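Those letters in the sequence shown? Residues -22 to -1, 1 to 139, by mature numbering (1 follows the signal peptide of the UniProt record, and there is no 0).
The beta-carbon is built from N, C-alpha and C at its ideal position, and this holds for glycine as well.
Bear in mind the structure is a predicted one, so any value in this text is a computation, not a measurement.
Please read the structure below before turning to the comments.
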Amino acid sequence: MKKLLYITLLIGGIFSFTPSQAQVRINVNIGNQPLWGPVGYDYVRYYYMPEMDVYYDVVHRRYTYYHGNRWVTRGSLPSKYRRYNMYRTYKVVVNDRNPWHRHSHYHERYHRYSGNYSQVNLRDGRGRSDRHDRDRYDRHDRKDNHKGNKHRGKNKGRHHD
């Protein structure tokens, strides 16, 4: 009887073990980012806009700003922010949870970007790196007419085979 119990436990133990499975989680929210967001980020949780002292939640599409003596979160900004152009104002990508709780850190670190309008946004950045043609893997297409630098002559081109 003991042997039967041991065999049953052994067989049950063998079948109860499952091979371990690796879990990989990749967060990508490129499609959720507004067109006025900066280019170059696969995942963004918040934008901090130092010119306005406002946070934008990319996932929930809401703004968090200081109103009165507390931070409030709303679906749109109040009229006092109407003069700001979201496509021009500088955005800092912040992936911290509730970044307004550390607002003094972000304000101190990024307030100097107020008035900086050099940042390229998603709307204007599409196709920006390849204005002359759509073959983005051959950088020299303007010069070699899609021939891969084959007809430049011996040792006269950039590439030497």
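Let's see if you can read the secondary structure: which residues bound the alpha helix (DSSP H) around residue i?
i          : result
residue 38 : It is not in any alpha helix (DSSP H) - residue 38 carries neither H nor E in the DSSP assignment.
So the beta strand (DSSP E) residue i belongs to, where does it begin and stop?
i           : result
residue 25  : 24 to 27
residue 101 : Looking at the DSSP string, residue 101 is not in any beta strand (DSSP E); the run it does join, the alpha helix (DSSP H), is 100 to 103.
residue 160 : Not covered by the structure: residue 160. The range shown for the chain is -22 to 139.
residue 90  : Careful: residue 90 lies outside any beta strand (DSSP E) and carries neither H nor E.
Any idea if residue i is buried or exposed, counting beta-carbon neighbours within 10 angstroms, 16 or more meaning buried?
i           : result
residue 33  : buried
residue 84  : buried
residue -21 : exposed
residue 22  : buried
8 Å is my cut-off, CB to CB: does residue i come that close to chain B?
i          : result
residue 24 : No chain B is part of this structure, which consists of one protein chain only.
Compute the distance between the beta-carbons of residue i and residue j, then report whether it is under 8 Å.
i          : j          : result
residue 25 : residue 36 : yes
residue 99 : residue 14 : yes
Where does residue i sit, in a helix, a strand or coil, going by DSSP?
i          : result
residue 84 : helix
residue 12 : coil
residue 51 : strand
- Any contact of the stretch 24 to 40 with the stretch 63 to 71, i.e. 3+ C-beta pairs under 8 Å? yes
### Task
May I ask you to verify whether the stretch 84 to 94 touches the stretch 46 to 60, counting CB pairs closer than 8 Å and requiring at least 3?
no
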